[in-house]
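Structure first, then comments.
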Amino acid sequence: MPLFDFTFGLGILDAITSSAGFMVVAKNFTYFLGGAWYTLFITALSVAMGMVLGLFAGLGKLSKNKIIYGISTAYIDFFRGTPLFVQIFLLYFGILPLFYDNDSLSSAIIALGLNSGAYIAEILRAGIQAIDKGQMEAARSLGMNERQAMVLVILPQAFKVVIPPLINEFIALLKDSSLVSAITVAELMHRGDLVFANTYQATWVFGTISILYLVMTKTISLLGDYAERRLATE
Amino acid sequence: MIKVVDVHKSFGKLEVLKGINFNVAPREVVCVIGPSGSGKSTLLRCINQLERVDRGHIYIDGEELTDPKTDINAIRQQVGMVFQLFNLFPHKTTLENITLAPVKIKGVDKDQADEQAMELLRKVGLVDKAHVYPNKLSGGQKQRVAIARALAMQPKVMLFDEPTSALDPEMVGEVLTVMKDLATEGMTMVVVTHEMGLAREVGDRVVFMDEGQIVEEGLPSQIFDNPPNPRTQSFLSKVLSI
Chain A
66 MPLFDFTFGL GILDAITSSA GFMVVAKNFT YFLGGAWYTL FITALSVAMG MVLGLFAGLG
126 KLSKNKIIYG ISTAYIDFFR GTPLFVQIFL LYFGILPLFY DNDSLSSAII ALGLNSGAYI
186 AEILRAGIQA IDKGQMEAAR SLGMNERQAM VLVILPQAFK VVIPPLINEF IALLKDSSLV
246 SAITVAELMH RGDLVFANTY QATWVFGTIS ILYLVMTKTI SLLGDYAERR LATE
Chain B
3 MIKVVDVHKS FGKLEVLKGI NFNVAPREVV CVIGPSGSGK STLLRCINQL ERVDRGHIYI
63 DGEELTDPKT DINAIRQQVG MVFQLFNLFP HKTTLENITL APVKIKGVDK DQADEQAMEL
123 LRKVGLVDKA HVYPNKLSGG QKQRVAIARA LAMQPKVMLF DEPTSALDPE MVGEVLTVMK
183 DLATEGMTMV VVTHEMGLAR EVGDRVVFMD EGQIVEEGLP SQIFDNPPNP RTQSFLSKVL
243 SI
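In order, the protein sequences belong to chains A and B. Sequential numbering of the first sequence, starting at 66, is according to the numbering used here. Sequential numbering of the second sequence, starting at 3, is according to the numbering used here.
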């Protein structure tokens, strides 16, 4: 008896590659890759929007101005306190049509951006508050105004503190972007759903989709580790 | 140079400063001593408007800080502050710590600011540490960088808030040396300190504070050797006997 039956191994491989599920995945793989690309695109734009909104809302929550504080708090509370799925439907079918002839892609990005902005605001606020208050005092004592001290001294330090939670948020957002398949954005989940509906190969189709999501989220987390190492002042 | 008139300050119900009157002449070195909680640090922080006063007036070089119309940032540029815990910017190198404010706030040319910073580092004996980050410096070195950083704005007055209190004993000397040099050069200084040696050696005047009031002030020799007030006597007997 040989140590490893090579023909047996080939037999399994053969069985797999000739299975119906594999054929479905192989036939649609570039279609899925296109969906993954779509997912990345949506996530990137939503994250960019979320970062800008989050910075303003996060600083707004630290503001002594009651109106700015109130608006920021209301925004954060709403988008953290209601389901993203509901927000997507509310914006796509309800609110955005009042402003423009909205399509599903831009609506999806706006919904995800608004949602992640609320989470990023809280992350940035916590990061800013984690910086020792002596830093602000030292900056002010050198003659910086509050904005200069924030931009030159506090935010660069806060940014370093918030990298791990921000990476978490980016990963969560990328995964949550699958929800916009419900408003027919042709991203990864939506394409998986379409192929599944035609083939019923649930394990093969959603297994492949899962792996593609995993590759994307793992890449983000590795990039985060790299950024963290680069910014370490050692 | 500094004029403090009837300054009151409370934190909640606790009245920390109960009507302080206090003057500092140009080139004068005033050491403020007193037990913890006596309000000496708060007074210093009020002079730099890191704390707002509830009542009273503070003038620096004739300009009233407590006037809401005054550009407080412009005045702060002329008042250097050194903190007990250094408060160096950890994301900047030693050199960048010193040049940040001159370049970004005053608009000094980068090369010129670098040159000036190196000059200041030479003065505090840390030229070789120009390109390291603060976490690689000892406490004494950090405080000397902090002094250089404050000096880079070419202030008219330097305020020191217990500059040696957070240092290991063997680090105190190097910081005091820098401060003594500054005093000799004629810098106007207000130093909140527990270093009686410094007060005695370079202080033109010693102010003793207790419970939010200035109890007495005078020449160092007078205060240390022959304090008229019993509260000063009791404080000094505790501090100097160690």
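Built from N, CA and C at the ideal position, the CB exists for glycine as well.
query = chain B beta carbons: is any one of them nearer than 9 Å to that of glycine 199 of chain A?
reply = yes
query = Should serine 242 of chain A and alanine 173 of chain A be called a contact, given that it needs their Cβ atoms to be closer than 9 Å?
reply = yes
message = Once DSSP output is grouped into helix, strand and coil, what is the label at histidine 255 of chain A?
response = helix
query = Quick one: what's got a C-beta closer than 7 Å to valine 194 of chain B's C-beta in the same chain, skipping five residues either side?
reply = Val34, Lys42, Ser43, Leu46, Phe162, Asp163 and Glu164
inquiry  = Using the three-state DSSP reduction, which class does aspartate 142 of chain A fall into: helix, strand or coil?
reply    = helix
inquiry  = 9 Å is my cut-off, CB to CB: does lysine 225 of chain A come that close to chain B?
reply    = yes
query = Based on Cα-Cα distance, which residue from B/Pro92, B/Gln156 and B/Gln145 lies nearest to valine 110 of chain B?
reply = B/Gln156
request  = With valine 218 of chain A as the anchor, note down where its alpha helix (DSSP H) starts and where it stops.
outcome  = Looking at the DSSP string, valine 218 of chain A is not in any alpha helix (DSSP H), and its letter there is neither H nor E.
inquiry  = Taking the straight line between their C-alpha atoms, what separation do you get for leucine 155 of chain A and isoleucine 141 of chain A?
reply    = 16 Å
task = Return the CA-CA distance between aspartate 79 of chain A and alanine 91 of chain A, expressed in angstroms with no decimal places.
result = 14 Å
Leucine 169 of chain B to asparagine 99 of chain B span [Cα, whole Å] = 20 Å
query = Residues bridged to methionine 191 of chain B by DSSP?
reply = B/Val31 and B/Met160
request  = Name, in chain order, the residues that DSSP records as bridge partners for valine 6 of chain B.
outcome  = B/Phe24 and B/Ile60
task = Quick one: which residues of the region 71-88 of chain A get their C-beta closer than 9 Å to a C-beta of chain B? List them in chain order.
result = none
inquiry  = Any C-beta of chain A within less than 7 Å: which residues of the region 77-107 of chain B qualify?
reply    = Arg78, Gln79, Met83, Phe85, Leu87, Asn89, Phe91, Pro92, His93, Leu102, Ala103, Lys106 and Ile107
task = Compare the C-beta of glutamine 194 of chain A with all C-beta atoms of chain B and state if any pair is closer than 9 Å.
result = no
request  = Please confirm if the region 246-257 of chain A is in contact with the region 220-228 of chain A, defined as three or more CB-CB distances below 8 Å between the two stretches.
outcome  = no
message = Please report the straight-line C-alpha distance between serine 38 of chain B and methionine 198 of chain B, rounded to a whole angstrom.
response = 15 Å
request  = Excluding the 5 residues preceding and the 5 following alanine 214 of chain A in the sequence, name in chain order all residues of the same chain whose CB lies nearer than 7 Å to its CB.
outcome  = Met201, Ala204 and Arg205
message = Count Cβ pairs between the region 216-228 of chain B and the region 57-66 of chain B that sit closer than 8 Å; are there 3 or more?
response = no
query = For valine 218 of chain A, which residues in chain B fall below 9 Å Cβ to Cβ?
reply = Phe91, His93, Lys94 and Leu102
inquiry  = In this structure, how does DSSP classify glycine 208 of chain A when only helix, strand and coil are distinguished?
reply    = coil
key: chain A contacts made by the region 126-155 of chain B, where a contact means CB separation under 9 Å   = Tyr135, Pro136, Asn137, Lys138, Ala148, Arg151, Ala152, Ala154 and Met155
key: C-beta neighbour in chain B for proline 229 of chain A, strict 9 Å   = no
ask   = Where valine 81 of chain B and valine 159 of chain B are concerned, what is the direct C-alpha to C-alpha distance, given to the nearest angstrom?
value = 5 Å
request  = Please determine, among B/Ala132, B/Asp130, B/Ser40 and B/Asn50, the residue with the shortest C-alpha to C-alpha distance to phenylalanine 210 of chain B.
outcome  = B/Ser40
ask   = Closer than 9 Å, CB to CB, is arginine 295 of chain A near chain B or not?
value = no
query = Hey, threonine 190 of chain B and valine 26 of chain B are a contact pair by Cβ (cut 8 Å); roughly how many whole angstroms apart?
reply = 6 Å
request  = State the DSSP-derived secondary structure class of valine 129 of chain B, mapped to helix, strand or coil.
outcome  = helix
ask   = What are the boundary residues of the alpha helix (DSSP H) that isoleucine 107 of chain A is part of?
value = 85-126
ask   = What number of angstroms, rounded off, separates the C-alpha of serine 246 of chain A from the C-alpha of tyrosine 135 of chain B?
value = 48 Å
query = How would you call lysine 240 of chain B, buried or exposed, if buried means at least 16 neighbouring beta carbons within 10 angstroms?
reply = exposed
query = When the Cα of glutamate 30 of chain B is compared with those of B/Pro232, B/Val204 and B/Ala103, which residue comes out closest?
reply = B/Val204
message = Please identify, using Cβ separations under 9 Å, the residues of the region 45-76 of chain B that lie next to chain A, in order along the chain.
response = Arg47, Asn50, Gln51, Leu52, Ile74, Asn75 and Ala76
Contact set between glutamine 213 of chain A and chain B, taken where Cβ atoms lie within less than 8 Å = Lys106 and Ile107
query = With 16 other CB atoms within 10 Å as the buried threshold, where does valine 270 of chain A fall?
reply = buried
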